[in-house]
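Numbering (full-length UniProt numbering), first residue to last: 1 to 261. We put the CB at the ideal spot given by N, CA and C, even for glycine. To start, the structure under review is shown below, and the notes come after it.
Spelled out as structure tokens, the structure:
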């Protein structure tokens, strides 16, 4: 067993105040902050004074409330910039595939549209004609519909042209989506937070797909669970759907998105 590194107890004690601010999510009075951190105001004050000097904490002179300062904000921004959505999501989809025992893919918005960048296989063999590097349809696949539903229309309209033309749905000269069918599909996906494919476009394969958002609220990934029609439950409230949403919500939180359970 690795020996635990020696730390500085006073820093760890002061860290309780920072954690209390994180949990509360809003500026706090000294007495409330101290209580949340499990210490007296007299003990908390010197820590807050030191944190203020280095910019971790600042006090509003009009209200007396403490909140995170400029250094804390800079640290948060640097952390978010360094986070790779794919890197964060990879162990999560590995765990999801093991939990549901179905294939799970990870897709990003690439040069040519939704592009698969990771695939996790289940314990049993399954034939799914989707591999790393595959670009999938925006309108015919669960993965594609996630991007169509949550990305800015200006970004996806050019890519939608081909799908709309092939499916004879039509589009206007400004490349804006027309047709109540597509509007309804995308609105339903936004409401549920899930897209579903039942036996199509891959014959004999069902799928659920859900979005991953970053700290700004932009969709950065689509996580898709896939399985054979006879074994993959497509009920909206199925254990597969719930496990998928739990997975994508956890990834979004890791990327700084405030997601409510």
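- Taken in chain order, the complete alpha helix (DSSP H) segments of 4 or more residues contained in the segment 132-159 are 142-150.
- The beta-carbon distance between residue 210 and residue 244, rounded to whole angstroms, is 5 angstroms. This is short enough to meet the 8 angstroms contact definition.
- Between residue 93 and residue 145, the C-beta spacing is not below 8 angstroms.
- Listed in chain order, the alpha helix (DSSP H) elements of length 4 or more contained wholly in the segment 27-77 are 30-37 and 41-53.
- Straight-line measurement puts the Cα of residue 28 at about 7 angstroms from the Cα of residue 67.
- Residue pairing by DSSP places residue 114 opposite 109 in a beta bridge.
- Between residue 90 and residue 118 the beta-carbon gap is near 6 angstroms, inside 8 angstroms, which marks them as a contact.
- Using a 10 angstroms sphere on the CB of residue 198, the tally of other CB atoms stays under 16, which defines it as exposed.
- In the DSSP assignment, residue 196 falls outside any alpha helix (DSSP H) and within the unbroken beta strand (DSSP E) covering 195-198.
- The beta carbon of residue 253 sits closer than 7 angstroms to those of 259, all from its chain and outside the five residues before and after it, given in chain order.
- If you compare the alpha carbons of 9, 15, 97 and 64 with that of residue 247, the shortest gap goes to 97.
- For residue 255, no beta strand (DSSP E) run applies, since DSSP gives it neither H nor E.
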